[in-house]
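Number of protein chains: 2
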Amino acid sequence: MDPIVEAYHLWMDNGWEDCAAGVAAVTSIIRVRQVLTARADQILAPIELTFSRYELLVHLYFNDGQLPLAKLGRRLQIHQTSVTTLVDKVEAQGLIRRIPHPTDRRSTIAQLTPEGRILTQQAIGRLNAELFRDLGLTGEEVQTLIALLTKMRRSWADLDKDSAADLFSPA
Amino acid sequence: MDPIVEAYHLWMDNGWEDCAAGVAAVTSIIRVRQVLTARADQILAPIELTFSRYELLVHLYFNDGQLPLAKLGRRLQIHQTSVTTLVDKVEAQGLIRRIPHPTDRRSTIAQLTPEGRILTQQAIGRLNAELFRDLGLTGEEVQTLIALLTKMRRSWADLDKDSAADLFSPA
Numbered sequence: 033m034d035p036i037v038e039a040y041h042l043w044m045d046n047g048w049e050d051c052a053a054g055v056a057a058v059t060s061i062i063r064v065r066q067v068l069t070a071r072a073d074q075i076l077a078p079i080e081l082t083f084s085r086y087e088l089l090v091h092l093y094f095n096d097g098q099l100p101l102a103k104l105g106r107r108l109q110i111h112q113t114s115v116t117t118l119v120d121k122v123e124a125q126g127l128i129r130r131i132p133h134p135t136d137r138r139s140t141i142a143q144l145t146p147e148g149r150i151l152t153q154q155a156i157g158r159l160n161a162e163l164f165r166d167l168g169l170t171g172e173e174v175q176t177l178i179a180l181l182t183k184m185r186r187s188w189a190d191l192d193k194d195s196a197a198d199l200f201s202p203a
Numbered sequence: 033m034d035p036i037v038e039a040y041h042l043w044m045d046n047g048w049e050d051c052a053a054g055v056a057a058v059t060s061i062i063r064v065r066q067v068l069t070a071r072a073d074q075i076l077a078p079i080e081l082t083f084s085r086y087e088l089l090v091h092l093y094f095n096d097g098q099l100p101l102a103k104l105g106r107r108l109q110i111h112q113t114s115v116t117t118l119v120d121k122v123e124a125q126g127l128i129r130r131i132p133h134p135t136d137r138r139s140t141i142a143q144l145t146p147e148g149r150i151l152t153q154q155a156i157g158r159l160n161a162e163l164f165r166d167l168g169l170t171g172e173e174v175q176t177l178i179a180l181l182t183k184m185r186r187s188w189a190d191l192d193k194d195s196a197a198d199l200f201s202p203a
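Line by line, the protein sequences are chains A and B.
Counting in the working numbering, the first sequence runs from 33 upward without gaps.
Counting in the working numbering, the second sequence runs from 33 upward without gaps.
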């Protein structure tokens, strides 16, 4: 049975009717995130990247090619030990290098190499063509999805400003 | 700047207009998944659980209290080494125990203890009251969200049958 339908029915059958749609929605989000990652991993495999490595590279790419490791962890919202593991891997691939921070000697900077820059561009091109351009939804549905997810984030105080809401809320 | 808005503008400014909404939607899903997990971790912290541990326990709970480790990994869609780490932790807490498989000697079964059963019920109660019951959306919006996520899954062939679509598609 489909995991979302299963969760829904389990909640209904156990007398938690008022939470059944909520659990189905949460299960759907978790599932879609998993499938998204698997799909992106597949798209990036021919250029020897994973979605996690891409996320790291793309953050460097759009920050003038470099960021301190601590900042990178906060941006990616992953634990510092995971940043280290990830940075080790892409450094071994020659896509980034670690350089000392010019003013803070306890801090290390991850810097995109020229090879890393080219591969990041290729990765963006692949993901644009094979994932981002067509999520299996109409343009209007994509807008609705973003608006709903933004509304959830706002209820958890995950929005500093209303900017995402302003941009994507249906008029 | 909000990460979703930032991704959207980066894509617009780089000439990838036809992929900008898609990248914003994918970033939103990733972000909401992260916030969901953080929120659930917070709700479960007083009873010394994390959302990952809860997910493992709840699968056992709704499968007559036991599952082979390999099956558990497939259900949770996590790597076998992660299953082992997770099982070690909840076993150390006395919530499950490992027992040998009755017929397959290479397989191990994770079995919920009576303490584990009680804690799982408490965890469900907490998550129902503090998360699943109110996702910050109206009932109709929750249905729309599930329908959109289901449509995305269908386009990636992540649905065996149309059951989830039947259940949640707006009429």
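The beta-carbon is built from N, C-alpha and C at its ideal position, and this holds for glycine as well.
field: Inter-residue spacing [alpha-carbon to alpha-carbon] between GLU38(A) and VAL55(A)
entry: 10 Å
query: Since ILE141(A) sits in a beta bridge, which residues does DSSP pair it with?
result: PRO100(A), ILE131(A)
- request: Would you decide whether MET33(A) is buried or exposed? Buried here means 16 or more other CB atoms lie within 10 Å of its CB.
  value: exposed
query: From what residue to what residue does the alpha helix (DSSP H) around ILE178(B) run?
result: 171-187
Residues of the segment 82-95 of chain A whose Cβ lies closer than 8 Å to any Cβ of chain B, in chain order: PHE94
Sub-8 Å separation of ARG107(A) and ARG65(B) beta-carbons: no
message: Just to confirm before moving on: does the CB-CB distance between ILE141(B) and LEU99(B) stay below 8 Å?
response: yes
- prompt: Three-state secondary structure (DSSP) at GLY105(B)?
  reply: helix
query: The alpha helix (DSSP H) spanning ALA52(B) covers which residue range?
result: 49-76
Cross-chain neighbours of LYS183(B) in chain A, by beta carbon under 8 Å: GLY168, LEU169, GLU173
- prompt: In chain order, what residues of the segment 103-133 of chain A put their CB closer than 7 Å to some CB of chain E?
  reply: Of the protein chains in this structure, namely A and B, none is chain E.
message: Using only CA atoms, which one of VAL174(A), HIS133(A), PRO78(A), THR182(A) lies nearest to LEU151(A)?
response: PRO78(A)
message: For a test of the three-state rule: what should DSSP assign to ALA203(A), helix, strand or coil?
response: Interpretation of ALA203(A) is limited by its pLDDT of 42, a score under 50 that renders its predicted location unreliable; the figure taken from the coordinates is listed afterwards. ALA203(A) falls in the coil class under three-state DSSP.
- prompt: When DSSP labels each residue in this structure, what does LEU159(B) get in the three-state scheme?
  reply: helix
- prompt: If you measure from the beta carbon of ALA56(B) to each beta carbon in chain A, is any gap under 8 Å?
  reply: yes
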